[in-house]
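For the sequence shown, position 128 matches number 128 in the UniProt record's numbering, and the numbering has no gaps at all.
Glycine included, every Cβ here is placed at the ideal spot set by N, Cα and C.
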Amino acid sequence: MRTFVIGDIHGGLLALEQVLKKAEVTTKDTLIFLGDYVDGWSQSAEVIDFLIDLKTKQNCICIRGNHDQLALDWLENRHEDFDEEMWYKHGGKATVEGYSKISPERKKEHIAFFESLKDYYLDDENRLFVHAGFTNLNGVVWEYFPKLFYWDRTLWESALALDPNLKPDDLYYPKRFTVYKEIYIGHTPVTRIGQTVPVNKACVWNVDTGAAFKGPLTIMDVNTKEFWQSDPLNELYSNEKGRN
1 MRTFVIGDIH GGLLALEQVL KKAEVTTKDT LIFLGDYVDG WSQSAEVIDF
51 LIDLKTKQNC ICIRGNHDQL ALDWLENRHE DFDEEMWYKH GGKATVEGYS
101 KISPERKKEH IAFFESLKDY YLDDENRLFV HAGFTNLNGV VWEYFPKLFY
151 WDRTLWESAL ALDPNLKPDD LYYPKRFTVY KEIYIGHTPV TRIGQTVPVN
201 KACVWNVDTG AAFKGPLTIM DVNTKEFWQS DPLNELYSNE KGRN
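Structure follows, in structure tokens:
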């Protein structure tokens with residue numbers, strides 16, 4: 001049995017199917033999805049159908065991404081904290097168009113799926129899986145603003161800016177990086193720093209390799225750090241814009 005972590009999918013079902021096949025995933029393996037299943041390419045609803053079905057076949061841990069929460073707010077007609085125009089510009093338009101073609105019954109199933117998503121997952125080896133990050137210096141249990149689990153960017157920015165010469169016992173070493181053995185995140189694509197493969201800084205692994213844009217989708221073996229990638233999403237969906 002292996003444990004895999006999968007980065008942000010953003011409606012790219014073709015890419016998800018590719019990486020599961022490349023990694024030779026079996027029903028004995030555990031799959032940890034870091035969120036952002038929707039918003040970007042045209043198959044957001046199909047991705048959710050795929051995950052709902054996959055959860056009946058094997059152990060799948062599905063974490064909430066900010067785009068998943070936005071889609072849920074839209075599906076449930078909650079607009080008080082929701083800038084719909086901004087959401088459209090960042091992939092929501094494709095999601096709305098996709099959901100216009102599905103039945104009310106399927107929408108209810110998808111709402112239940114979105115509502116079941118976890119804010120984070122902590123395994124028995126003290127490895128944290130979270131979409132974006134956390135801000136409390138003592139860890140996720142103490143986080144005062146749960147929305148930061150799927151909106152924060154300071155964890156990754158701090159990891160990128162950290163002096164590699166600092167040691168964990170140094171007075172100035174960020175306490176957030178001492179709480180967990182490893183932290184796996186998505187949310188901020190590594191393409192922003194010119195990369196298309198998973199990037200490790202301090203104890204943080206970022207496996208969002210830009211599938212919403214022109215990067216590939218990545219699946220990684222948590223124990224060995226071996227990873228597999230899809231074709232770039234703009235090639236798999238050559239007639240679409242995605243979030244480009």
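Checking the DSSP bridge columns, you'll see F33 partnered with I6, C62.
In this structure G186 is in contact with G7, their Cβ atoms being roughly 5 Å apart against a cut-off of 8 Å.
For the 7 Å CB-CB criterion, F213 and N244 form a contact.
When DSSP states are grouped into helix, strand and coil, Q18 belongs to the helix group. Between the beta-carbon of P198 and that of T224 there is about 12 Å, and that puts the pair past the 8 Å contact cut.
For L128, the enclosing beta strand (DSSP E) has its first and last residue at 127 to 130. At a Cβ-Cβ threshold of 7 Å, A132 and A159 do not count as neighbours. In summary, T3 is buried, with 16 or more beta-carbon neighbours lying within 10 Å of its beta-carbon over all protein chains present. In the three-state DSSP reduction, I102 falls in the coil class, being neither helix nor strand.
Setting aside the 5 residues that flank it on each side, T30 is surrounded in the same chain by T3, N59, each with a C-beta closer than 6 Å to its C-beta; the list follows chain order. If you ignore the 5 residues before and after W228, its C-beta comes within less than 7 Å of the C-beta of V19, K22, A23, I219, all in its own chain and listed in chain order. Rounded to the nearest whole angstrom, the CA to CA distance from S44 to A71 is 10 Å. A residue is called buried when at least 16 other Cβ atoms come within 10 angstroms of its Cβ; A15 meets this threshold and is buried. In the structure shown, the three-state DSSP call for N234 is helix. Of all alpha-carbon atoms in N126, D68, T209, M86, the one lying nearest the alpha-carbon of S116 is that of D68.
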